[in-house]
Every structure is written in C-alpha cells, then in structure tokens.
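To start, the structure under review is shown below, and the notes come after it.
2 protein chains.
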Amino acid sequence: MGKGAETRERIIEIAEASVLAKGFGATSIEEIIVEAGITKSGFFYHFKDKNELAHKMVRRYVDENNRVFDEIFERGHQLSDDPLQAFLISLKLLAETMSDLPSGHPGCLIASICYQERLFDRDVRNLIAQSVKEWHMRFRAILDDIAVVHRPRDAIDLGDVADMLSCIVDGAIIMSKALNDPKRIERQVLAFRSFVKLLFSPATAQLEKPPVPDSIQAA
Amino acid sequence: MGKGAETRERIIEIAEASVLAKGFGATSIEEIIVEAGITKSGFFYHFKDKNELAHKMVRRYVDENNRVFDEIFERGHQLSDDPLQAFLISLKLLAETMSDLPSGHPGCLIASICYQERLFDRDVRNLIAQSVKEWHMRFRAILDDIAVVHRPRDAIDLGDVADMLSCIVDGAIIMSKALNDPKRIERQVLAFRSFVKLLFSPATAQLEKPPVPDSIQAA
DNA sequence: CGCAAAACTGTATCGACGGTACAGTAGTTC
DNA sequence: GAACTACTGTACCGTCGATACAGTTTTGCG
C-alpha cells in the first residue's frame with residue numbers, strides 16, 4: 001500500500017467511527033484532519049468533497065461486512081452437512097461475533113446513512129440498496145436450500161424471512177444503542193435462530209433436542 | 001391552545017419531517033424558520049437551543065406512538081377473547097397501519113437519534129431509553145398473558161420476543177428507506193406474526209387454519 | 001379603553017464549518 | 001534533474017448555531 005492509500009485508509013477509519021457516533025452531518029472535516037494529523041488541503045487532495053468520503057467509506061464497510069459473513073456461513077457449512085443445522089450453527093457464530101466486539105457493536109453504517117439520505121448523492125444510495133439486496137439474496141439462497149430438505153411449517157415467503165435477519169440485526173443495534181446494552185444484539189440474533197428452528201423443525205419436535213448437536217463448543 | 005403553543009407545535013412538526021429525512025445535525029434552524037414563517041429570534045424565543053427542540057420533539061413522537069399502540073392493541077383485545085388471537089389480530093392491524101401511510105413510513109425518530117447520540121444531552125437519551133423500555137414491557141405483558149394459555153414451543157425468553165417486534169419495525173423502516181419500498185415494513189411485521197403463531201400454536205397444527213378466523217375483514 | 005404580558009421582529013455579532021483556490025515544498029522514482 | 005506524488009500554508013467565501021438586546025405587534029384581562 002502506497003503512502004497516499006495509507007492516509008486515505010486512516011481518514012476513512014476515523015470518519016467511520018465519528019459517523020457511527022454522531023451521524024454524517026455532524027462529523028466535521030476539521031476533527032477528522034486533526035485526528036489524522038493532516039491539513040485541510042491534505043484532506044481535499046484525497047477526497048474531492050465529503051460525499052466522495054462517504055462513498056469510499058460505505059464501499060469499505062460493505063466489503064468488510066461481506067468478508068465476515070462469508071467466513072461465518074462458510075464455517076457453518078463445514079460443521080454440518082444438513083443445511084438447517086449449518087445455518088443454525090452460523091447464526092450462533094454470528095450472535096457471538098456481534099457480542100464479542102469489545103465496547104459494543106459500533107453500529108451499522110448503512111442504517112446511519114439511511115436516516116440522513118438527503119445528504120448523499122445517488123451513487124451512495126445505490127451502493128447501499130445494492131448491498132441490502134445482496135444480503136437478501138445470500139440469506140434467501142440458504143433458506144431455499146433448507147426448504148428442499150425440511151418443509152416449512154408456515155406458508156411464509158422465505159424472502160421475507162431472509163430480510164428479517166437484516167432487519168433484526170439493524171433493529172437490535174439501534175436498541176443496544178438506546179439502552180446502552182450490547183448484549184441485546186446477540187439475543188436478537190438468537191431469537192431469529194429460534195424462529196428458523198421452529199419454522200423448519202418437524203411438528204413433532206416439541207421442546208426436544210434437535211437431531212444434530214445444537215452447541216458447537218466441541219468443534 | 002394558545003398562539004405560542006400553536007407556533008411551537010408547527011416548529012416541531014417541520015423539524016420532525018426534516019430530521020427524519022436528513023438527520024438532526026443536518027437540519028438547520030434557518031430552513032425551519034423559513035418554512036414556519038417566523039424569524040430566528042422567534043425560534044429562540046420558543047426554544048432555548050436545538051437540544052430543547054429535540055427533547056420536545058421526541059416527547060411528542062413517543063406520546064403519539066403510544067397512542068397508536070394503545071388503539072391497535074385495544075382493538076385486538078375487543079375482537080378476540082383468546083390472548084394469542086387478539087395479539088395476532090393486533091399485529092395484522094399494526095402491519096396495515098404501517099403500510100397505509102401514504103408515502104411510506106416517515107421513519108423512527110428514536111432510531112434517527114440513536115445514530116447521532118453524541119449530539120444530544122442526557123435528558124433526550126434518557127427519554128429514548130425510557131420509551132424503548134416501555135415498549136418492551138407492553139409487548140412482554142401481552143406475551144406473558146398468551147403463555148398462560150398456550151405453552152411456547154421453544155424455551156426462548158419472552159422478553160427477547162417482545163424486543164424482537166421493536167427491532168423488526170425499526171430494522172424494516174431502515175430497509176424500506178434503503179430500497180425505497182414501503183411494503184417491506186408490512187411484510188416484516190407479518191413475518192414476526194408468523195413467528196408468534198409458530199411459537200404458541202400447538203405442535204400438531206401444521207399448515208392448518210387456526211381455530212379462530214385469521215382475517216378480521218368481517219369485523 | 002387601558003395596560004401588561006406574550007409573542008414576536010430587526011439588527012448586529014461571533015466562532016465553527018464546508019468548500020474553493022492556488023502557490024509552494026519535501027520526498028520518491030525513473 | 002525532471003516528473004510525479006503527497007502533501008502544507010494561506011487566504012477567502014457563504015452558511016449555520018447561538019447570543020444579545022432593543023423595539024414592536026398581538027392578545028387577553030380587568
């Protein structure tokens with residue numbers, strides 16, 4: 001990585017933390033450059049304006065997010081051949097990942113920007129819509145695979161179930177911020193996991209242990 | 001209502017629409033007073049600063065929200081004696097209410113402020129935490145009532161299920177903003193309804209009609 | 001009607017911020 | 001040593017939140 005790229009990276013990191021804490025509108029270029037140890041001219045050398053910073057920031061966030069998702073759902077696939085069990089394992093891993101972040105989840109950049117949409121140009125908004133659609137397709141594909149093996153116990157659209165995970169994570173982040181309780185995110189992901197379990201488990205399996213070990217402690 | 005109170009009301013209404021569209025930090029007093037047809041001096045006569053505006057705005061939002069909730073869950077209670085059926089009816093009403101808003105849901109003020117928390121003083125943040133806790137207790141009480149009659153099919157904490165509704169609504173609002181698709185909110189509330197149905201319905205009721213009519217069209 | 005309080009207006013000023021312009025410079029690379 | 005990258009320094013503009021304070025209109029009450 002060249003020196004310029006390094007500086008850009010540092011600026012984006014600082015900006016992201018500030019945007020998640022205060023919102024984009026309230027994040028001043030002044031504070032970013034002070035923390036980054038550069039001048040205002042330096043900032044505008046790297047980014048033509050604040051909107052370009054937003055665009056590069058969202059790009060970075062989405063890529064990193066997708067990387068984590070890939071890892072988690074790949075791991076679940078490794079630990080069980082049954083698509084339902086693999087997904088349930090991945091959801092537990094996701095819940096743990098969310099709660100392991102030291103000072104609580106920093107928040108979802110996508111959500112932060114959605115609440116200030118008028119501040120951003122079409123490029124940024126398209127990028128966000130694109131990534132939400134990608135998450136939908138990712139979860140939808142997993143649920144379709146499960147439905148091949150396990151018949152759903154309710155006639156609900158699996159696309160809506162897929163969206164539900166995104167909604168719950170974003171909603172839980174907001175709740176954890178409002179109550180200053182990072183543990184809510186983990187519990188909400190596990191609540192969604194409970195829904196998936198109920199939706200695909202055989203009707204007779206009332207309050208009994210699932211066929212494949214629920215815990216992945218031994219793995 | 002006196003003339004002063006009327007003006008304050010108008011200012012708060014204008015401010016709320018702007019905050020939901022752009023965020024609090026990007027909402028200028030200038031644009032508020034132009035739209036309200038007053039001067040800057042007039043604004044600061046009613047509110048000592050922007051933070052006081054935020055506080056009164058949140059107060060109004062929470063009160064109105066609670067009023068709508070009271071109405072919806074009261075109506076469900078009228079339409080069925082069974083607590084589960086009453087809740088399922090109310091959730092359908094809630095979904096309809098959410099989707100009936102002409103140009104999509106304006107967004108959750110609480111969520112908007114959570115993403116810009118550093119901008120607000122302790123008063124505003126306490127008010128928000130309080131209202132989130134109130135929603136938790138409201139839904140928790142309903143679920144506890146249901147659990148007396150219908151045994152849950154999973155050992156999930158009912159407090160988490162209660163929180164899930166708040167999370168899903170907030171998350172769905174974000175998603176509907178990101179995709180510019182207001183219908184997502186309705187569908188997510190109905191997905192939550194499906195979860196509640198699965199959680200409390202007897203294990204044998206696989207894909208069959210519930211005992212009490214699901215639809216409230218005839219009501 | 002008269003008067004006081006409420007509900008403003010008008011003017012001026014301040015510091016912080018986003019953004020622009022442009023000249024200059026230190027370090028690296030071919 | 002020329003070209004290029006990665007900046008710094010300085011100066012300036014318009015907007016915004018906020019403060020101060022004197023002046024004016026509107027309203028309700030006795």
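Residue numbers (UniProt numbering), protein chains in the order written: chain A, 1 to 219; chain B, 1 to 219. Built from N, CA and C at the ideal position, the CB exists for glycine as well.
Any non-hydrogen atom of the ligand NAD closer than 8 Å to D123/B Cβ: The ligand NAD is not part of this structure, which contains no ligands at all.
Contacting residues, own chain, Cβ-Cβ under 8 Å from I14/A (five flanking each side not counted): Excluding positions up to five away in sequence, the list reads I32, E35, A36.
Spatial neighbours of V132/A in its chain, beta-carbon cut-off 8 Å, leaving aside the 5 residues before and after: Closer than 8 Å at Cβ, skipping near neighbours: I110, S166.
Residue nearest to R184/A in terms of C-alpha spacing, selected from S99/A, K3/A, I11/A, G76/A: Scanning S99/A, K3/A, I11/A, G76/A for the CA closest to the CA of R184/A turns up S99/A.
R118/B at chain A interface by Cβ criterion, 9 Å: Yes, because at least one Cβ of chain A sits closer than 9 Å to the Cβ of R118/B.
Helix, strand or coil at G37/B according to DSSP, with G and I counted as helix: Coil at G37/B, not helix or strand.
CA-to-CA distance, P202/B to P210/B, given in whole angstroms: With a pLDDT of only 43 at P210/B, under 50, the local geometry of the prediction cannot be trusted, and the value read off the model is given with reservation. Take the alpha-carbon of P210/B and the one of P202/B: they are about 10 Å apart.
Three CB pairs or more closer than 8 Å across the region 172–181 of chain A and the region 121–135 of chain B: With a cut-off of 8 Å, the region 121–135 of chain B and the region 172–181 of chain A count as touching, because enough Cβ pairs lie within range.
Which listed residue (Q85/B, G4/B, F192/B) has its alpha carbon closest to that of D170/B: For the residues Q85/B, G4/B, F192/B, the minimum Cα distance to D170/B belongs to F192/B.
Secondary structure, alpha helix (DSSP H): runs of 4+ residues fully inside the region 38–107 of chain B: Here the runs fully enclosed are 40–46, 50–79, 83–100.
Beta-carbon contacts of G2/A that lie in its chain and below 6 Å, excluding the five residues immediately before and after: Here the set comprises nothing.
Test item: CB-CB of V124/B and V58/B under 9 Å: Contact check for V124/B against V58/B passes: the beta carbons are separated by less than 9 Å.
Proximal residues, the region 165–177 of chain B versus chain A, C-beta separation under 8 Å: Using a CB distance below 8 Å, the part of the region 165–177 of chain B facing chain A consists of S166, C167, I168, V169, D170, G171, A172, I174, M175, K177, ordered along the chain.
Nearest residue (CA-CA) to E9/A, options P106/A, T39/A, F47/A: When P106/A, T39/A, F47/A are compared, the shortest CA-CA separation from E9/A is found for F47/A.
Between the CA atoms of D121/B and A17/B - distance to the nearest angstrom: The C-alpha of A17/B lies about 21 Å from the C-alpha of D121/B.
Cβ of Q188/B within 9 Å of any chain A Cβ: It does; some Cβ of chain A falls within 9 Å.
Cβ contact check for the region 138–152 of chain B and the region 82–96 of chain B: 3 or more pairs under 8 Å: Put simply, the region 138–152 of chain B touches the region 82–96 of chain B. At least three CB pairs are less than 8 Å apart.
7 Å CB neighbourhood of M164/B in its chain, flanking five on each side removed: Cβ contact annotation for M164/B (same chain, cutoff 7 Å, sequence separation greater than five): F192, in chain order.
Start-to-end residues for the alpha helix (DSSP H) that takes in D123/A: D123/A -> alpha helix (DSSP H) spans 122–149.
Span of the alpha helix (DSSP H) around R193/A: For R193/A, the uninterrupted alpha helix (DSSP H) run begins and ends at 183–200, by DSSP.
Unbroken alpha helix (DSSP H) run spanning R8/A, endpoints: Start and end: 3–22.
Residue-level contact to chain A via CB, N180/B, 9 Å cutoff: Closer than 9 Å to some Cβ of chain A, the Cβ of N180/B qualifies, so yes.
Cβ-Cβ separation, L119/A to K56/B (assumed contact under 8 Å), whole Å: Not a contact, Cβ separation roughly 24 Å.
A17/B at chain A interface by Cβ criterion, 9 Å: No - not a single Cβ of chain A is within 9 Å of the one on A17/B.
Contact with chain B by R59/A, beta-carbon distance below 9 Å: By the rule that beta-carbons nearer than 9 Å mark a contact, R59/A does not touch chain B.
Beta carbon proximity, D163/A to chain B, threshold 9 Å: Answer yes: the Cβ-Cβ gap between D163/A and chain B drops below 9 Å somewhere.
9 Å Cβ cutoff met for G4/A and Q116/B: Taking C-beta atoms as the reference points, G4/A and Q116/B fail to come closer than 9 Å.
Of the listed residues V196/B, I29/B, K197/B, E186/B, nearest to E96/B (C-alpha basis): Out of V196/B, I29/B, K197/B, E186/B, E186/B has the C-alpha closest to the C-alpha of E96/B.
9 Å Cβ cutoff, G23/A in contact with chain B: Nearest CB-CB separation between G23/A and chain B: below the 9 Å threshold.
Interface flag, residue 220/A vs chain B, CB-CB below 9 Å: Given that chain A is displayed from residue 1 to residue 219, the structure contains no residue 220/A and the question cannot be resolved.
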